[in-house]
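Chemist: This is the structure I want to talk about, given as structure tokens.
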Amino acid sequence: MIFLEVLDRRGRLLDRHRIDRCPITIGRAYANDVIVDDPYVCPTHLRLLRTDDGALRVEDMGSVNGTHGDPDGARISRAPLPSDGRVRIGNTVLRFRRDDASVPPALVQIHGASGSTRLTRAPVALASWLIVAVLLMNSVLIEGYERPQGWRVAGLGILFVVGISVWAAAWALVTRVVTHDWRFLAHTSVACIFLGLDLIGDTVQGYVRFIGAGTWSGTLLSVACNAGPVGWLFSAHLALVGTMKAPKRLAVATVAALCLLGLFTFASRWNSFEFSRQIHFDAALRPLPRAWIPGAPVEAILAEVLDLEGEVRQLATQKPRAAAWLAGLEEGDSELGSQRNEGRVRQHRATGRFDPPGQNR
Amino acid sequence: MSEAVRSTCACKAGIRWTVGGSGPGVVIARPGSPAHLGLLVLLASILGGGSRAGAAPPTEVVFRRFADAVVQIRVTEKGSGAKAVIGSGFFADHAGRMVTNYHVVSKLVLHPDRYVAERVDHLGAAETVHIEAVDAVHDLAVLRGASAPRTALELMDGEPAHGTRLYAMGHPHDLGLSIVEGTYNGLLEHSLYQRLHFTGSLNPGMSGGPTVTARGEVVGVNVRSAGNQVSFLVPIALARALLGRPALAGERPPPRWLDVVRDQLLAHQETYFATLLAADALPAVTLGGIVLPGKLAPFLRCWGDAARDESKPYAVITQECATDDYVFVSDQLLSGVVRYRHHVLTTEELNTFQFHALFSDYFGTHYGEFYGNEEEVTAFRCRQRLVRNRDVPMKVALCLRAYRRLPGLYDAVLRAAVLGASTRGAETSLALSGVSAATVQRVVGRYLGVIEWAK
Chain A
1 MIFLEVLDRR GRLLDRHRID RCPITIGRAY ANDVIVDDPY VCPTHLRLLR
51 TDDGALRVED MGSVNGTHGD PDGARISRAP LPSDGRVRIG NTVLRFRRDD
101 ASVPPALVQI HGASGSTRLT RAPVALASWL IVAVLLMNSV LIEGYERPQG
151 WRVAGLGILF VVGISVWAAA WALVTRVVTH DWRFLAHTSV ACIFLGLDLI
201 GDTVQGYVRF IGAGTWSGTL LSVACNAGPV GWLFSAHLAL VGTMKAPKRL
251 AVATVAALCL LGLFTFASRW NSFEFSRQIH FDAALRPLPR AWIPGAPVEA
301 ILAEVLDLEG EVRQLATQKP RAAAWLAGLE EGDSELGSQR NEGRVRQHRA
351 TGRFDPPGQN R
Chain B
1001 MSEAVRSTCA CKAGIRWTVG GSGPGVVIAR PGSPAHLGLL VLLASILGGG
1051 SRAGAAPPTE VVFRRFADAV VQIRVTEKGS GAKAVIGSGF FADHAGRMVT
1101 NYHVVSKLVL HPDRYVAERV DHLGAAETVH IEAVDAVHDL AVLRGASAPR
1151 TALELMDGEP AHGTRLYAMG HPHDLGLSIV EGTYNGLLEH SLYQRLHFTG
1201 SLNPGMSGGP TVTARGEVVG VNVRSAGNQV SFLVPIALAR ALLGRPALAG
1251 ERPPPRWLDV VRDQLLAHQE TYFATLLAAD ALPAVTLGGI VLPGKLAPFL
1301 RCWGDAARDE SKPYAVITQE CATDDYVFVS DQLLSGVVRY RHHVLTTEEL
1351 NTFQFHALFS DYFGTHYGEF YGNEEEVTAF RCRQRLVRNR DVPMKVALCL
1401 RAYRRLPGLY DAVLRAAVLG ASTRGAETSL ALSGVSAATV QRVVGRYLGV
1451 IEWAK
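As given, the protein sequences belong to chains A and B, one line each in that order.
Just so we're aligned: the first sequence equals residues 1 to 361 in the numbering used here.
Just so we're aligned: the second sequence equals residues 1001 to 1455 in the numbering used here.
So this is what it looks like as structure tokens:
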């Protein structure tokens, strides 16, 4: 007894047919023994025969696109069934199997497994909302320095609740599509716990930036404090959605967190890519007992002047970006490139330099 | 950075270049100073044709006598032939040398290949002129043309008496040669850049023109106006010194004026910071229990405030010191400014976390903005560190940017936060413009060295 498996070109199994007699015809027409729904397959495409010695042969019925060996692609008109039992017609692969061929074991169902069940319990989910109260206290008693106004605190609280609910609802929708289960409360507790972790991360990061600003270890720790909670957030939401195994889930969450962090960093530094008269430095100050605050002698910062001098000298040798850009623009479009309103500056076509319009002195 | 910067910008907007404009509507003739009284009476009776004895000579007489010596300076773009800058100047000797402001001819200094200067006399005759000497620090330039003048003005020796009637001449707004009456109000005291205070309306276009006594002696060169008849002149002694310098223009190869300007700026900052740093201990001021740099030099002006806003749970004491003038390098770059500002923050209401959130925001807020565009300067680059001066921990950020056309000159900003108290702190900004890197090191070291907790 043999079976004919119909696969698409990517190897996904579409159909399986039991072959209990020979010859049989294969094609798109209804008269065939095995019908293949592929527009590149002829109505009657090929035949499967058994020779006198019991071996199987395939025979092309004069098809338009032919019958090919798979994966070698050699065209077959009449030939013994290849040793690996596969031929391709149109965009479809036919695989012949004996009834003793093995099949892979069943996949383990992921959703509903592991720690996500704890989060789905209502008391846990409701308790996690207490984090919102902690965040409000933080914004009033730690980070806020103006006298708190009731309506402002209430407004912030409402903003937190609405924000968390909308975020959780979006994830719940995804979960519903994938697993036929909403898990809204579990998603809200993930969002709340994330905000709690983020608060801890921010606090640590504040001190790291205060003490280690401008050092590599400080920068790395800052990245970890930012990316860690975000990575956990994505990983926990994906666990609730339940389609990925832990290693893949962690990888996706880490990549998503780093991408987001990169995007925010890029957005916040956007100005520094352009010419600016502003200075950029890390102004984070945190309370610490005087004796605990590390400090190099003043000479340490003075020594950096030489370093800075080298760096800005190097900058001075580069062509100004705006001028270079405008010069390029002028080559392409003389009308656009000839005038710039900003600062009432006029560009000279010949040199690409700027000068203010004529003036009395 | 700082408002050092902002203030220079404000100066540019608020203090208009040069003098001019209509004179006061009605000026009550005042007697001249006793020293000049006799001469003025004589002059008036000879030339004035009917003016009362004891009054200054009529303005038209002064105008008629000296108009020949005053010229308009036009700087023109070679390619388009368009006027780029218009100012004034005057003949300072019969050899044909003219004095004007550096800022009138700065384009010629910066782009000698693209601009040309000419002088136009009050009858409209034009002639190309060349730079013979510049003094960018005092905003002066000497020009020379080919032909000799009919009239040259005398440069005054010494100083007129306070209140002397003076006449400013020039070409305000390209409206033709004009004369403006005003009075002499002395040399500005404690200014980094020597300036005479002239009470009279100077207007754009009069820069570089002469302000003369009734006898035609040049007291100063028109340079700047602060509005409402408050105007400033460059003392003529500085112009005389420049005229007396050996001419570089005759050298082969001819000097690159940009290099001359750079050397002048470097020498200038060396000199005034040497004065500033000469003292063993820099002057200090104690604000809210923290010792901070005080008025470091006589040429700085300081002002402060300790406003307590009852709606705020904290108090801020502010003190700010700055030079009151600057060096014009180009339209886009003003230099030679020193400016610093302290904020001392105290609170009895906030906890230490809240206080440090407030402190961070003050420390991170930019202290104004420097002038200068991308053609003139680079962007700033910064380094930051926690440092300790004696037992005072500080967070310090030091930023530098380079002048593109004037290698060796930099703008620098220092930001420092004084740490170690739970609900009290100070943050200070120091902005230096047009200085060498060595000067930055010296000044920042001394500046931070002052800071400590009051005993």
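Glycine is no exception: its CB is placed at the ideal position from the N, C-alpha and C atoms.
So the alpha helix (DSSP H) residue 255 of chain A belongs to, where does it begin and stop?
Modeler: What you label residue 255 of chain A is simply residue 255 of the first sequence in a count that begins at 1. Run containing residue 255 of chain A: 246 to 268, per the alpha helix (DSSP H) assignment.
Chemist: How many angstroms separate the CA atom of residue 1266 of chain B from the CA atom of residue 1433 of chain B?
Modeler: Position 266 of the second sequence, counted from the start, is the residue given in the question as residue 1266 of chain B. Position 433 of the second sequence, counted from the start, is the residue given in the question as residue 1433 of chain B. Cα to Cα, the separation comes out at about 11 Å.
Chemist: Spell out a yes or no on whether the region 1161 to 1181 of chain B and the region 1199 to 1215 of chain B are touching, meaning 3 or more CB-CB pairs, one atom from each, closer than 8 Å.
Modeler: Judged by Cβ distances under 8 Å, the region 1161 to 1181 of chain B makes contact with the region 1199 to 1215 of chain B, as three or more pairs qualify.
Chemist: Considering only DSSP beta bridges, list what residue 1403 of chain B is partnered with.
Modeler: The sequence position of residue 1403 of chain B within the second sequence is 403, counting from 1. Per DSSP, B:1377.
Chemist: Fully enclosed by the region 1121 to 1166 of chain B, which beta strand (DSSP E) runs are 3 residues long or longer?
Modeler: Taking only runs of at least 3 residues, the beta strand (DSSP E) segments lying wholly in the region 1121 to 1166 of chain B are 1126 to 1135 and 1140 to 1144.
Chemist: So what's residue 363 of chain A in DSSP terms, helix, strand or just coil?
Modeler: As shown, chain A starts at 1 and ends at 361. That puts residue 363 of chain A outside it, with no answer to give.
Chemist: Answer with buried or exposed for residue 16 of chain A, where buried requires no fewer than 16 other C-beta atoms within 10 angstroms of its C-beta.
Modeler: What you label residue 16 of chain A is simply residue 16 of the first sequence in a count that begins at 1. The residue in question, residue 16 of chain A, is exposed, as its Cβ has fewer than 16 Cβ neighbours within 10 Å.
Chemist: DSSP state of residue 309 of chain A, grouped into three classes?
Modeler: Residue 309 of chain A sits at position 309 when you count from the first residue of the first sequence. Residue 309 of chain A: helix per DSSP, three-state reduction.
Chemist: With 16 as the cutoff for other CB atoms within 10 Å, does residue 259 of chain A come out buried or exposed?
Modeler: To locate residue 259 of chain A, count along the first sequence from 1; it is residue 259. Counting Cβ neighbours within 10 Å, residue 259 of chain A comes out exposed, since fewer than 16 surround it.
Chemist: Measure from the C-beta of residue 1289 of chain B to each C-beta in chain A and report whether the shortest distance is under 8 Å.
Modeler: Within the second sequence, numbered from 1, the residue matching residue 1289 of chain B stands at position 289. No, because no Cβ of chain A sits closer than 8 Å to the Cβ of residue 1289 of chain B.
Chemist: Identify the contact partners of residue 316 of chain A in chain B, using a Cβ-Cβ distance below 8 Å as the criterion.
Modeler: Residue mapping note: residue 316 of chain A aligns to position 316 of the first sequence, counting from 1. Ordered by position in chain B, the residues that pass the 8 Å Cβ test against residue 316 of chain A are 1378, 1402, 1403, 1404 and 1407.
Chemist: In chain B, what lies closer than 8 Å to residue 300 of chain A by C-beta?
Modeler: Looking up residue 300 of chain A in the first sequence gives position 300. Those within 8 Å of residue 300 of chain A in chain B are 1385 and 1387.
Chemist: Is residue 141 of chain A close to chain B, meaning its C-beta is less than 8 Å from at least one C-beta of that chain?
Modeler: Within the first sequence, numbered from 1, the residue matching residue 141 of chain A stands at position 141. Closer than 8 Å: yes.
Chemist: Using a threshold of 8 Å, state whether the C-beta atoms of residue 220 of chain A and residue 135 of chain A are closer than that.
Modeler: As a first step, residue 220 of chain A must be located in the first sequence, where it is residue number 220. As a first step, residue 135 of chain A must be located in the first sequence, where it is residue number 135. No.
Chemist: Quick one: complete beta strand (DSSP E) runs, 3+ long, within the region 1163 to 1243 of chain B?
Modeler: For the region 1163 to 1243 of chain B, whole beta strand (DSSP E) runs of length 3 or above, ordered along the chain, are 1165 to 1170, 1178 to 1187, 1196 to 1199, 1210 to 1212, 1217 to 1227 and 1230 to 1235.
Chemist: Taking the alpha carbon of residue 1258 of chain B as the reference point, which residue from B:1107, B:1278 and B:1321 has its own alpha carbon closest?
Modeler: Looking up residue 1258 of chain B in the second sequence gives position 258. Measuring from the Cα of residue 1258 of chain B, the nearest candidate turns out to be B:1107.
Chemist: Specify, as a first and last residue, the run of the alpha helix (DSSP H) that residue 1277 of chain B falls within.
Modeler: As a working note, residue 1277 of chain B is residue 277 in the second sequence. Looking at the DSSP string, the run of the alpha helix (DSSP H) that includes residue 1277 of chain B is 1257 to 1277.
Chemist: Under 8 Å between C-beta atoms, does residue 1231 of chain B make it to chain A?
Modeler: What you label residue 1231 of chain B is simply residue 231 of the second sequence in a count that begins at 1. Taking Cβ atoms only, chain A never reaches closer than 8 Å to residue 1231 of chain B, which makes this a no.
Chemist: Whose C-alpha, out of A:208, A:56, A:12 and A:181, is nearest the C-alpha of residue 24 of chain A?
Modeler: In the first sequence, the residue the question calls residue 24 of chain A occupies position 24. Nearest of A:208, A:56, A:12 and A:181 to residue 24 of chain A, Cα basis: A:56.
Chemist: May I ask which residues mark the beginning and end of the beta strand (DSSP E) holding residue 1067 of chain B?
Modeler: Along the second sequence, read from residue 1 onward, the residue named residue 1067 of chain B stands at position 67. Neither: residue 1067 of chain B is in no beta strand (DSSP E) and is coded neither H nor E.
Chemist: Can you check whether the C-beta of residue 295 of chain A is within less than 8 Å of a C-beta belonging to chain B?
Modeler: Numbered from its first residue, the first sequence carries residue 295 of chain A at position 295. It does: the Cβ of residue 295 of chain A has a partner Cβ on chain B nearer than 8 Å.
Chemist: Looking only at its chain, what residues have a beta carbon closer than 6 Å to the beta carbon of residue 1383 of chain B, apart from the 5 residues adjacent to it on each side?
Modeler: Locating residue 1383 of chain B in the second sequence gives position 383, counting from the first residue. Same-chain partners within the cutoff: 1398.
Chemist: Check the Cβ of residue 266 of chain A against every Cβ in chain B and list those closer than 7 Å, keeping chain order.
Modeler: Here residue 266 of chain A is taken as the residue at index 266 of the first sequence, counted from 1. Result: empty, since nearest Cβ-Cβ is about 17 Å, beyond 7 Å.
Chemist: Just to confirm the assignment, what range does the beta strand (DSSP E) spanning residue 1433 of chain B have?
Modeler: On the second sequence, residue 1433 of chain B is found 433 positions in, with the first residue counted as 1. Its beta strand (DSSP E) spans residues 1424 to 1435.
Chemist: Report the neighbours of residue 1359 of chain B on chain A: residues whose CB is nearer than 7 Å to its CB, in chain order.
Modeler: Working through the second sequence from its first residue, we reach residue 1359 of chain B at position 359. Correct list: 285.
Chemist: Name the residues in the region 1331 to 1361 of chain B whose C-beta lies less than 9 Å from a C-beta of chain A; which are they?
Modeler: Per Cβ criterion, the list reads 1331, 1332, 1347, 1349, 1350, 1351, 1352, 1353, 1354, 1355, 1356, 1357, 1358, 1359, 1360 and 1361.
Chemist: Contact defined as beta carbons within less than 8 Å: I believe residue 1194 of chain B pairs with residue 1160 of chain B. What is the distance between those atoms, to the nearest angstrom?
Modeler: The sequence position of residue 1194 of chain B within the second sequence is 194, counting from 1. The sequence position of residue 1160 of chain B within the second sequence is 160, counting from 1. About 15 Å separates the two Cβ atoms, so there is no contact after all.
Chemist: What's the gap between the Cα of residue 1062 of chain B and the Cα of residue 1242 of chain B?
Modeler: Here residue 1062 of chain B corresponds to residue number 62 of the second sequence, with the count starting at 1. Here residue 1242 of chain B corresponds to residue number 242 of the second sequence, with the count starting at 1. Distance between the alpha carbons of residue 1062 of chain B and residue 1242 of chain B: 26 Å.
Chemist: Tell me, please, whether the CB atom of residue 414 of chain A is closer than 8 Å to any CB atom in chain B?
Modeler: What is shown of chain A runs 1 to 361, which leaves residue 414 of chain A out entirely.
Chemist: Could you name the residues of the same chain whose beta carbon sits closer than 6 Å to that of residue 89 of chain A, not counting the 5 residues immediately before and after it, in chain order?
Modeler: On the first sequence, position 89 is the one that residue 89 of chain A refers to. Closer than 6 Å at the Cβ level, and outside the excluded window around residue 89 of chain A, lie 41, 45 and 67.
Chemist: In this structure, does DSSP put residue 1352 of chain B in helix, strand or coil?
Modeler: In the second sequence, counting from the first residue as 1, residue 1352 of chain B sits at position 352. It is helical.
Chemist: Skipping 5 residues on each side, what residues in its chain have a beta carbon closer than 8 Å to that of residue 61 of chain A?
Modeler: Start at 1 with the first residue of the first sequence, and residue 61 of chain A comes out as number 61. So the list reads 25, 27, 42, 44, 45, 46 and 47, once near-sequence residues are dropped.
Chemist: Taking the CB atoms as reference points, tell me whether residue 76 of chain A and residue 58 of chain A lie closer together than 8 Å.
Modeler: On the first sequence, residue 76 of chain A is found 76 positions in, with the first residue counted as 1. On the first sequence, residue 58 of chain A is found 58 positions in, with the first residue counted as 1. Yes.
Chemist: At 4 residues or longer, what runs of the alpha helix (DSSP H) sit wholly inside the region 128 to 164 of chain A?
Modeler: Correct list: 130 to 141.
Chemist: Classify residue 1381 of chain B as buried or exposed, calling it buried when 16 or more other Cβ atoms lie within 10 Å of its own Cβ.
Modeler: Translated into the one-based positions of the second sequence, residue 1381 of chain B becomes position 381. It counts as buried.
Chemist: Could you round the C-beta distance between residue 1450 of chain B and residue 1276 of chain B to whole angstroms and report it? I think they count as a contact, below 8 Å.
Modeler: Translated into positions along the second sequence, residue 1450 of chain B becomes position 450. Translated into positions along the second sequence, residue 1276 of chain B becomes position 276. Contact doesn't hold; Cβ gap of about 12 Å is too wide.
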